[in-house]
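Below: the structure, in structure tokens.
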Amino acid sequence: MLDNFQKLTDDKTRLEADGYVHIKNVVPMDRIQTINDCYHLYWFELIRAGQAGLRDHSKHPLEKLYPRVRDLHYRNNTIKEIILSTHVIELLENLIEERILIVSTSYYFKAPQTRGMPDHQDNFAIGAAPKSSYSMWISLDESDRENGGLRFYKGSHKFGPLPTRGTLNASNNPFSDAGQKTIMPAYSEECAVETAPGDVVVFHGDTIHGSYDNVSPHRFRRALLVHFAGASVERLVLNFNQLLDRKGERVRRRLNTRPMITGDESVLALKQAQYYNSTGWK
């Protein structure tokens with residue numbers, strides 16, 4: 001019991017000091033297999049629907065064949081149950097010292113010869129306020145520099161929200177991966193993180209991070225990313241009206257009409273990010 005308490009204390013200290021913490025052996029291997037099975041079955045549905053596949057003249061054909069899958073937990077109860085499992089929720093709540101709300105999920109196949117994510121801050125798009133959001137990255141394969149592992153900039157969350165290279169003048173630009181690229185501070189210590197299946201990396205929403213290109217000839221780097229916020233959050237942009245509490249029940253917070261993502265523009269600029277359409281908020 002004392003060892004577990006000391007480990008939790010050490011993990012909290014690293015999260016607060018570095019802006020991220022790598023915790024080993026959190027998700028059992030049978031659940032890793034279940035997660036991958038669920039997303040692979042959904043991928044077959046995307047193929048049949050023509051929403052995934054090889055594209056003629058594409059510079060990055062495997063990125064079109066294996067697209068990022070967002071928010072499957074809304075329609076797949078197995079994924080929902082796994083991310084809301086007691087030991088996962090208790091780990092996150094102990095780390096940030098309050099109850100949490102699930103904001104969003106993203107599954108990455110990260111196929112061989114696909115591009116990495118540019119360096120960015122997650123809360124730029126999530127828009128949690130007054131406190132920032134957090135993320136939990138669940139490693140589903142071994143990851144390292146060769147197959148597109150993560151990199152973090154130690155202590156960068158202490159800079160707070162930083163400007164990005166995207167501008168609202170170019171349609172969709174600030175909402176693309178490239179448009180969210182952070183303008184880096186002068187001092188930034190890059191740290192590569194290598195993970196095994198079942199490891200998790202928990203990080204602050206203002207921590208600058210990205211991933212390397214997958215330059216391996218045949219290795220995937222699958223991962224499930226879970227965005228979350230403390231229950232004390234008052235305003236968000238992303239999925240503000242369909243958050244999930246620890247019981248899996250839908251809760252709402254106010255729309256953040258002045259997040260960093262909109263700059264000095266009206267909240268109507270958020271339509272460019274496709275947060276809502278003709279049928280209402282997504």
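Numbering (the UniProt record's numbering) for the sequence shown: 1 to 282.
C-beta: ideal position from N, C-alpha, C; glycine also.
In this text the structure is predicted, and so the values were computed from the model without any measurement.
### Query
Any Cβ of chain B within less than 8 Å of the Cβ of Gln6?
The displayed structure is made up of one protein chain only, and chain B is not part of it.
### Query
Do Ile100 and Gly19 have their C-beta atoms within less than 8 Å of each other?
Translated into the one-based positions of the sequence shown, residue 100 becomes position 100. Translated into the one-based positions of the sequence shown, residue 19 becomes position 19. No, they are not a contact pair.
### Query
Is the CB-CB distance between Ile126 and His204 below 8 Å?
Within the sequence shown, the letter at position 126 stands for residue 126. Within the sequence shown, the letter at position 204 stands for residue 204. Taking a C-beta distance under 8 Å as the contact criterion, Ile126 and His204 do not qualify as a contact pair.
### Query
In the DSSP assignment, what residue or residues form a beta bridge with Cys191?
Counting from one through the sequence shown, the residue named residue 191 turns up at place 191. Answer by DSSP bridge pairing, in chain order: Phe152.
#### Entry: Enclosing alpha helix (DSSP H) for Tyr42 [first to last residue]
Along the sequence shown, read from residue 1 onward, the residue named residue 42 stands at position 42. Element bounds for Tyr42: 29–48.
### Task
For Leu244, count neighbouring Cβ atoms within 10 angstroms of its own Cβ and tell me buried if that reaches 16, exposed if not.
Here residue 244 refers to the residue found at position 244 of the sequence shown. Counting Cβ neighbours within 10 Å, Leu244 comes out buried, since at least 16 surround it.
### Query
What residue range is occupied by the uninterrupted beta strand (DSSP E) comprising Thr86?
For this step, residue 86 is matched to residue 86 along the sequence shown. That residue, Thr86, is in no beta strand (DSSP E); its alpha helix (DSSP H) goes 86–96.
#### Entry: Residues that His22 bridges to, as DSSP identifies them
One-based indexing of the sequence shown puts residue 22 at position 22. According to DSSP, His22 bridges with Val201.
### Beta carbon of Thr182 nearer than 8 Å to that of His120
Working through the sequence shown from its first residue, we reach residue 182 at position 182. Working through the sequence shown from its first residue, we reach residue 120 at position 120. Closer than 8 Å, so yes.
### Query
Can you tell me the Cα-Cα spacing of Phe159 and Tyr134, whole angstroms?
Position 159 of the sequence shown, counted from the first residue, corresponds to residue 159. Position 134 of the sequence shown, counted from the first residue, corresponds to residue 134. Their Cα atoms are separated by approximately 16 Å.
### Query
DSSP on Thr164, reduced to helix/strand/coil?
Within the sequence shown, residue 164 is the residue found at index 164, counting from 1. Strand, per DSSP.
### Message
For Phe159, report the span of its beta strand (DSSP E) as first-last.
### Response
As a working note, residue 159 is residue 159 in the sequence shown. That residue, Phe159, is in no beta strand (DSSP E); it is neither H nor E in DSSP.
### Query
Is Ala223 closer than 8 Å to Leu140 when the C-beta atoms are compared?
Working through the sequence shown from its first residue, we reach residue 140 at position 140. Working through the sequence shown from its first residue, we reach residue 223 at position 223. In contact: Leu140 and Ala223 (Cβ atoms closer than 8 Å).
### Task
Let me know if Asp206 comes out buried or exposed under the rule of 16 or more other beta-carbons within 10 Å of its beta-carbon.
As a working note, residue 206 is residue 206 in the sequence shown. Its Cβ being crowded by 16 or more others within 10 Å, Asp206 is buried.
### Inter-residue spacing [alpha-carbon to alpha-carbon] between Glu93 and Gln51
Counting from one through the sequence shown, the residue named residue 93 turns up at place 93. Counting from one through the sequence shown, the residue named residue 51 turns up at place 51. Spanning the two alpha carbons is a distance of roughly 36 Å.
#### Entry: Which residues DSSP lists as bridging His209, in chain order
For the purposes of this step, residue 209 is taken as residue 209 along the sequence shown, with counting starting at 1. DSSP lists His120, Phe152 as partners of His209.
### Query
By how many angstroms is the C-alpha of Pro217 removed from the C-alpha of Glu234?
Translated into the one-based positions of the sequence shown, residue 234 becomes position 234. Translated into the one-based positions of the sequence shown, residue 217 becomes position 217. Those two C-alpha atoms are separated by around 45 Å.
### Task
Note the first and the last residue of the continuous beta strand (DSSP E) segment covering Leu62.
Counted from its first residue, the sequence shown places residue 62 at position 62. No beta strand (DSSP E) contains Leu62, which is instead part of the alpha helix (DSSP H) from 61–65.
### Message
From the DSSP secondary-structure annotation, give me the bridge partner or partners of Val69.
### Response
Counting from one through the sequence shown, the residue named residue 69 turns up at place 69. Beta-bridge pairing links Val69 to Tyr107.
#### Entry: Contact check, Val193 vs Leu150, beta carbons under 8 Å
In the sequence shown, residue 193 corresponds to position 193, counting from 1. In the sequence shown, residue 150 corresponds to position 150, counting from 1. Against a cut-off of 8 Å, the Cβ pair of Leu150 and Val193 comes out as a contact.
### Query
For Val26 versus Gly248, is the C-beta distance shorter than 8 Å?
Residue mapping note: residue 26 aligns to position 26 of the sequence shown, counting from 1. Residue mapping note: residue 248 aligns to position 248 of the sequence shown, counting from 1. No, Cβ-Cβ distance for Val26 and Gly248 is not below 8 Å.
### Message
Could you compute how far the alpha carbon of Thr114 sits from the alpha carbon of Leu54?
### Response
Looking up residue 114 in the sequence shown gives position 114. Looking up residue 54 in the sequence shown gives position 54. Looking at the two C-alpha atoms, the distance is approximately 13 Å.
### Query
So what does DSSP say about Thr182, is it helix, strand or coil?
On the sequence shown, residue 182 is found 182 positions in, with the first residue counted as 1. DSSP, reduced to helix, strand and coil, places Thr182 within a strand of the structure shown.
### Task
Return the chain-ordered list of same chain residues with a C-beta closer than 8 Å to the C-beta of Cys38, the five sequence neighbours on each side being excluded.
Translated into the one-based positions of the sequence shown, residue 38 becomes position 38. Around Cys38: Leu72, Asn76, Thr78, Ile79.
### Query
Which residues in the same chain as Pro61 place their Cβ atom closer than 7 Å to its Cβ, once the five residues preceding and following it in sequence are excluded?
Here residue 61 refers to the residue found at position 61 of the sequence shown. Only residues of its own chain outside the window of five on either side were considered, and among them Leu54, Arg55 have a CB closer than 7 Å to the CB of Pro61, listed in chain order.
### Query
Could you check where the alpha helix (DSSP H) with Asn77 kicks off and where it finishes?
One-based indexing of the sequence shown puts residue 77 at position 77. Looking at the DSSP string, the run of the alpha helix (DSSP H) that includes Asn77 is 77–83.
### Query
According to DSSP, which residues form a beta bridge with Leu236?
Here residue 236 is taken as the residue at index 236 of the sequence shown, counted from 1. Beta-bridge partners of Leu236 (DSSP): Leu255.
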